[in-house]
Each structure stands twice: as C-alpha cells, then as structure tokens.
Amino acid sequence: MNIETALKETMAIDGALGAALVDYDSGMALGALGESGSAEDVDMELAAARSAEVVRAKLRTLEALRINDSIEDILITLETQYHLIRLLSNAGGSRLFLYLVLDRERANLALARHHLRRIDGELRV
C-alpha cells in the first residue's frame with residue numbers, strides 16, 4: 001500500500017478528522033489529509049511537526065530509563081478528541097509514524113488502533 005492509499009484508509013476510520021504520515025526526525029509530513037470546513041478543522045502540518053517532538057521526547061525518556069522496548073502507539077486524550085500516534089514498524093529503516101485525529105463522540109478507539117495496526121502492516125514506503 002502506498003502513502004496516498006494509507007492516508008485515505010486512515011481517514012475512512014470512523015470519527016477521523018485528520019491524518020498524516022510523519023517523519024519524526026524532521027517533523028515533516030510526507031502526506032496529510034483532513035476534514036476541512038468543520039469546527040474541528042485541524043492544521044495537520046502543524047500537528048505533525050509538534051507530534052514529532054512528542055515522539056522524540058518519549059524515545060529519549062525510554063533511553064534514559066534504559067527501557068529496552070519499542071513504542072507501539074501514543075494516545076493523547078482531549079475532551080472532544082483523541083490524537084493517536086502509531087510508530088510504523090514496516091517503514092524500511094525510516095523513522096515514521098501515522099498521526100490520526102479522531103472525534104471522541106464518533107470514534108471507537110480500540111477499532112481505530114486495530115485499523116492503524118493493519119495499515120502499518122500493509123504500508124510500503
């Protein structure tokens with residue numbers, strides 16, 4: 001699966017407001033899609049860059065604590081949204097993550113995580 005297809009499938013997840021594929025070394029989005037014109041309109045480029053900082057900080061924390069494990073995903077829970085960061089395991093050496101913004105009222109977090117895991121397994125960068 002390519003980047004465009006992966007982002008479209010990510011946006012097909014119930015409650016999706018925005019999605020991006022992000023390089024967490026640079027903070028650059030390799031692609032982004034969002035639901036525009038809504039009250040929840042999210043600047044996915046800005047969200048991608050700032051979320052890369054979150055990923056790098058958590059990786060440094062694990063290193064400092066000498067925890068020899070890998071991050072599967074990071075969840076940020078807001079009153080009206082979920083922000084889900086899925087570090088990609090099949091990125092071919094690239095340090096990438098899928099970033100998904102969900103409407104909390106419409107989303108099923110467990111199903112969203114399941115769909116991101118499947119997309120991760122099929123995405124080829």
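Position 107 of the sequence shown, counted from 1, bears residue number 107 in UniProt numbering, the numbering being contiguous throughout.
Just so you know, even glycine gets a beta-carbon here, dropped at the ideal spot from N, CA and C.
Item checked: Within 8 Å, strictly: CB atoms of D23 and L109 -> In the sequence shown, counting from the first residue as 1, residue 23 sits at position 23. In the sequence shown, counting from the first residue as 1, residue 109 sits at position 109. Taking 8 Å as the Cβ cut-off, D23 and L109 do not qualify as a contacting pair.
Next item on the list: Would you grab the beta carbon distance between V101 and G18 for me? Rounded to a whole angstrom, and I think it's under 8 Å.
Entry: Taking the sequence shown and counting its residues from 1, the one referred to as residue 101 is at position 101. Taking the sequence shown and counting its residues from 1, the one referred to as residue 18 is at position 18. At roughly 4 Å, the Cβ-Cβ gap stays under 8 Å, so V101 and G18 are in contact.
Item checked: Simplified DSSP state of I3, which is helix, strand or coil -> The residue you call residue 3 lines up with position 3 of the sequence shown. DSSP places I3 in helix when its eight states are reduced to three.
Next item on the list: Look at the alpha carbon of E9 and the alpha carbon of E53, and state the distance between them as a whole number of angstroms.
Entry: Start at 1 with the first residue of the sequence shown, and residue 9 comes out as number 9. Start at 1 with the first residue of the sequence shown, and residue 53 comes out as number 53. Whole-angstrom Cα-Cα distance: 25 Å.
Notebook entry, point to check: When the Cα of G121 is compared with those of R106, E105, L88, which residue comes out closest?
Noted result: Position 121 of the sequence shown, counted from the first residue, corresponds to residue 121. Answer by Cα proximity: L88.
Note to self: In the DSSP assignment, the beta strand (DSSP E) including D73 goes from what residue to what residue?
What the structure shows: Taking the sequence shown and counting its residues from 1, one reaches residue 73 at position 73. 73-77 is the span of the beta strand (DSSP E), which, as asked, contains D73.
Next item on the list: Determine which residues share a DSSP beta bridge with I85 and list them.
Entry: In the sequence shown, counting from the first residue as 1, residue 85 sits at position 85. Answer is I74, Y99.
Margin query: Less than 7 Å between C-beta atoms, sequence neighbours within five positions excluded: which residues of the same chain meet that for R50?
Written below: Sequence index remark: in the sequence shown, residue 50 carries index 50 (1-based). Answer for R50: no residue qualifies.
Item checked: Backbone CA spacing between Y99 and L46 [nearest angstrom] -> Here residue 99 refers to the residue found at position 99 when the sequence shown is read from its first residue. Here residue 46 refers to the residue found at position 46 when the sequence shown is read from its first residue. Near 12 Å, if we compare the C-alpha coordinates of L46 and Y99.
Note to self: One question on the structure: do E4 and G31 come within less than 8 Å of each other, judged by their Cβ atoms?
What the structure shows: Within the sequence shown, numbered from 1, the residue matching residue 4 stands at position 4. Within the sequence shown, numbered from 1, the residue matching residue 31 stands at position 31. Closer than 8 Å, so yes.
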